[in-house]
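Here is the structure we will look at, set down as structure tokens.
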Amino acid sequence: MGENEELLPPEQPTEAQPDKQADSSADYADYQPPQKQRKLKVNWRKLGMVGGVFVILTVIAGGVYWFVIKKEPNTQTTDTNQTEQTGGQLAPAADQITTKTKHYVSQNFRLEFDYPEDWTASEDNAEAITVLSTDLKLKDAAGKDVVGQVYFRIRSHTQKLEGFDSGNATAVRNSEKISYTKPTEVQRDSTYISFLRYSTSTEANTLDAVYITGDLGYQKDQDVPKLDIEKVDPIISFELYLCPNSGCEEVSGVSGIGVSTWDNPSVSGPLTNMLKSLTIN
14 MGENEELLPP EQPTEAQPDK QADSSADYAD YQPPQKQRKL KVNWRKLGMV
64 GGVFVILTVI AGGVYWFVIK KEPNTQTTDT NQTEQTGGQL APAADQITTK
114 TKHYVSQNFR LEFDYPEDWT ASEDNAEAIT VLSTDLKLKD AAGKDVVGQV
164 YFRIRSHTQK LEGFDSGNAT AVRNSEKISY TKPTEVQRDS TYISFLRYST
214 STEANTLDAV YITGDLGYQK DQDVPKLDIE KVDPIISFEL YLCPNSGCEE
264 VSGVSGIGVS TWDNPSVSGP LTNMLKSLTI N
């Protein structure tokens with residue numbers, strides 16, 4: 014090193030800068046700057062025309078549904094007065110219970126009885142005997158003519174009494190005492206029959222059932238507990254039902270027969286005779 018040479022710091026090697034174009038896979042030679050996005054212009058006129066057509070089609074479709082497709086509304090109600098539902102037209106039904114009878118013998122219950130010949134009897138082992146009436150012209154709670162059925166049952170005391178599920182029944186008339194026609198040595202000579210309204214019935218003049226109550230008789234408006242009914246073995250009863258719509262295809266479970274029905278001897282007479290004919294062996 015010479016004397017006149019200035020002492021300078023050693024030169025720092027410069028770091029080579031990478032060539033962005035060389036390292037990139039993009040073709041920068043053909044690069045074009047991004048263009049501004051075009052705004053879509055809404056054609057409100059066309060949208061308005063489409064909307065108008067849709068509204069017109071909706072109105073037309075609604076008219077077709079209302080006048081062509083839509084059925085007549087169901088005019089049936091849950092009112093127990095069926096004469097109002099049918100405009101006073103009653104389904105064909107017998108004016109009275111036939112006095113011609115058949116004789117039924119049950120080995121399971123060890124008893125016998127007579128019943129109207131056009132009624133249908135069946136037995137479920139030792140659990141229950143049922144006899145269903147034909148369609149009958151009866152009276153509802155308002156005293157109007159209706160079509161109904163009578164459901165006669167003989168049940169073991171272990172069977173459920175559905176009518177008492179909601180509480181005590183009420184006597185809708187004084188109990189009556191009847192004498193059996195041919196009582197046996199193991200059978201009492203006479204019994205009370207009691208006329209009941211279940212607690213589920215809202216009409217005070219409704220007769221839901223007639224039960225054999227043995228030595229127990231009741232005055233009108235007196236409570237009748239289930240325990241009293243269960244004391245009689247087997248449990249024997251008539252239940253009266255108002256038929257649904259304009260005919261009786263099956264027992265509906267809807268009460269609504271009036272107490273005045275029992276004042277008709279063409280109804281009460283055959284039913285009472287049916288109970289009197291009971292013979293217990």
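So that you can map any letter, position 217 of the sequence shown is 230 in the working numbering, and since no number is skipped, the others follow by simple counting.
No residue lacks a Cβ here, since even glycine has one placed at the ideal position from N, Cα and C.
- Contiguous beta strand (DSSP E) assignments of at least 3 residues, all confined to the stretch 236–285: 248–255
- Which residues does DSSP pair with histidine 116 in a beta bridge? By 1-based counting over the sequence shown, the position of residue 116 is 103. According to DSSP, which records beta bridges pairwise, histidine 116 is partnered with Asp127.
- For leucine 145, three-class secondary structure by DSSP: Along the sequence shown, one-based indexing puts residue 145 at 132. Note: leucine 145 maps to strand in three-state DSSP.
- Query: glutamate 175 by DSSP, collapsed to three states: which one?
  - Reply: In the sequence shown, counting from the first residue as 1, residue 175 sits at position 162. DSSP places glutamate 175 in helix when its eight states are reduced to three.
- Task: Indicate the three-state DSSP secondary structure (helix, strand or coil) for proline 46 in the structure shown.
- Result: Residue mapping note: residue 46 aligns to position 33 of the sequence shown, counting from 1. With a pLDDT of 47 at proline 46, under the threshold of 50, the modelled position of this residue cannot be trusted; read the value that follows with caution. Of the three classes helix, strand and coil, the one that applies to proline 46 here is coil, per DSSP.
- Item | Nonlocal neighbours in the same chain, by C-beta distance under 8 Å from alanine 139, ignoring five residues either side | By 1-based counting over the sequence shown, the position of residue 139 is 126. For alanine 139, where only same-chain residues beyond five positions count, the Cβ hits under 8 Å are Asn121, Phe122 and Ser169.
- Would you check if there are 3 or more beta carbon pairs closer than 8 Å linking the stretch 125–140 to the stretch 148–155? no
- Collapsed DSSP secondary structure at asparagine 121 in the structure displayed: Position 108 of the sequence shown, counting from 1, holds the residue named residue 121. In the structure shown, asparagine 121 sits in coil (DSSP, three-state: anything other than H, G, I, E or B).
- Message: Tell me whether glutamate 262, by its Cβ, gets closer than 7 Å to a heavy atom of the ligand ATP.
- Response: The ligand ATP is not part of the structure shown, which contains no ligands of any sort.
- Query: arginine 186 bridges to which residues according to DSSP?
  - Reply: Position 173 of the sequence shown, counted from the start, is the residue given in the question as residue 186. According to DSSP, arginine 186 bridges with Phe208.
- For the beta strand (DSSP E) that glutamate 136 lies in, which residues bound it at each end? As a working mapping, residue 136 is identified with position 123 in the sequence shown. 133–137 is the extent of the beta strand (DSSP E) around glutamate 136.
- Task: Sort out for me which residues DSSP pairs lysine 152 with in a bridge.
- Result: Position 139 of the sequence shown holds residue 152. Answer is Asp158, bridged to lysine 152.
- Query: When you compare each of Gly176, Val280 and Glu125 to leucine 240 by their alpha carbons, which one comes out closest?
  - Reply: Mapped onto the sequence shown, residue 240 falls at position 227. Nearest of Gly176, Val280 and Glu125 to leucine 240, Cα basis: Gly176.
- Message: For the pair the stretch 181–195 and the stretch 159–168, tell me if three or more CB-CB distances fall below 8 Å.
- Response: no
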